[in-house]
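Data block below; observations after.
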Amino acid sequence: MQASVATLLIVAFVAANLPFLTQRLGGVIRMSNKHFGWRLLELLVLFVLVGVFARFLEARQMPVQPQHWQFYVTTVALFLVFAFPGFVYQTFWKKRSS
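The opening position of the sequence shown corresponds to residue 1 in the UniProt record's numbering, with each subsequent residue numbered one higher.
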């Protein structure tokens, strides 16, 4: 169980930073200047994919517990905190070095 929690946290951290580390939409379509709206859309899609992965990991070990809105608000906040290093890199550091 400890390994799956650590794996989930690492996957969530990497997924939260992906939209800010590349100019490709979804890692596939090259864009010359990816606007912030595209990055938010990617962040939302990756949040859902990480949530599906988390549910899969939970279902493998125990019955899946029902969740309410408080759980989802907390996980969105945690995902946004995980995305902060990539946002800072894209917004502040990358523009300074250009």
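Even glycine gets a Cβ: it sits at the ideal position worked out from N, Cα and C. Quick caveat: nothing in here was measured; it's all calculated off a predicted structure.
Checklist entry - What is the rounded straight-line gap between the Cα of A54 and the Cα of L8? => result So the two alpha carbons sit approximately 7 Å from each other.
Next on the checklist: Just to confirm my understanding: we take L25, look at its own chain, exclude 5 residues before and 5 after, and list those with CB closer than 8 Å. What are they?
Outcome noted: Result list for L25: M31, K34, W38, E42, in chain order.
Item to check | Buried versus exposed, by CB contacts within 10 Å (16 or more), P19 | outcome: In the assembly as shown, P19 is a buried residue. Its beta-carbon has 16 or more other beta-carbons within 10 Å.
Checklist entry - For Q61, does the count of other Cβ atoms within 10 angstroms reach 16, so buried, or fall short, so exposed? => result Burial call: exposed.
Item to check | Rounded Cβ spacing between A15 and L49 (contact assumed at less than 8 Å) | outcome: That pair is a contact at about 7 Å.
Item to check | Where the alpha helix (DSSP H) through Q2 begins and ends | outcome: 2 to 21 is the extent of the alpha helix (DSSP H) around Q2.
Checklist entry - What residues are listed by DSSP as bridge partners for R24? => result R30.
Next on the checklist: Suppose contacts are defined by Cβ-Cβ distances below 9 Å. Is A12 in contact with L78 by that definition?
Outcome noted: Between A12 and L78, the gap from beta carbon to beta carbon is short of 9 Å.
Item to check | Continuous alpha helix (DSSP H) assignments of at least 4 residues falling wholly in the stretch 63 to 93 | outcome: Taken in chain order, the complete alpha helix (DSSP H) segments of 4 or more residues contained in the stretch 63 to 93 are 69 to 88.
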